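**Q** Before we start, here is the structure in question, set down as structure tokens.
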Amino acid sequence: AGGLCIAQSIKIPREPRAGAYAQVVQRLMETSTARGVIVFAHEDDIRRVLEATAQANLSGHFAWVGSDSWGAKMAPVQGLEDAAHGAITILPKRASVPGFDEYFTSRSLENNRRNLWFHEFWEEDFNCHL
């Protein structure tokens, strides 16, 4: 009792077609008892989901929890304050670690063999296959 469950996971397409955001809201409504929505999305997508929520006359229905992509920005919610009312956004504290940039940029395949993921990073970053 009083637990938390994930009702569904919804992906927003990279290139959404007309009506895609309305479909997201419609899918959210399929689980009628689920009201909390955790959103990891780009600020433009968040804005369009909020617009679709308002158009469906569901402003205030969902309790939004948002990532740092919109936590400190007004643009995603401007004019959609009713739809976003009560949202909780998380903005992690960011800080520079002295010496990290120098250390990281000095890493190579020869001197960083103990890091199992560095090989994959190297291929991705330098667009090559080793």
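full-length UniProt numbering puts the last residue of the sequence shown at 130; the count rises by one with no breaks.
From the three backbone atoms N, C-alpha and C, an ideal C-beta is built for every residue, glycine too.
Please read these numbers as outputs of a predicted model, since none were measured by experiment.
1) Below 6 Å CB to CB, which residues in the same chain sit around Asn57 once its five sequence neighbours on both sides are set aside?
2) Rounded to the nearest angstrom, what separates Lys93 and Cys128 at their Cα positions?
3) Along the chain, which unbroken stretches of the beta strand (DSSP E) at least 3 residues long are found entirely within the stretch 47-71?
4) Return the CA-CA distance between Phe104 and Phe40, expressed in angstroms with no decimal places.
5) Helix, strand or coil: which one does DSSP assign to Val77?
6) Short check: CB of Ile90 to CB of Gly71, under 9 Å?
7) I'd like to know whether the C-beta atoms of Ala84 and Val65 end up nearer to each other than 9 Å.
8) Is Val39 helix, strand or coil when you go by DSSP?
9) Pop quiz: Ser69 and Glu43 are said to be a contact at Cβ under 8 Å. What is the actual Cβ separation, rounded to whole angstroms?
10) Near Tyr21, which residues of its chain fall below 6 Å by C-beta distance, leaving aside the five closest residues on each side in sequence?
11) Given a threshold of 16 other Cβ atoms within 10 Å of its Cβ, counted over all protein chains shown, does Asp101 qualify as buried or as exposed?
12) With a 10 Å radius around its C-beta and 16 neighbouring C-beta atoms as the bar for buried, classify Val97 as buried or exposed.
13) For Asp45 versus Ile12, is the C-beta distance shorter than 9 Å?
14) Roughly how many angstroms lie between the CA atoms of Val37 and Asp125, to the nearest whole one?
**A** Answer, in terms of the structure:
1) none
2) 34 Å
3) 63-66
4) Straight-line Cα distance between these residues: approximately 27 Å.
5) Assignment of Val77 by DSSP, reduced to helix, strand and coil, places it in the coil class.
6) yes
7) no
8) Correct three-state label for Val39: strand.
9) 5 Å
10) When the five nearest sequence neighbours on each side are left out, the beta carbons in the same chain lying within less than 6 Å of the beta carbon of Tyr21 are those of Arg48, Val49, Ala52, in order along the chain.
11) That one is exposed.
12) exposed
13) yes
14) 33 Å
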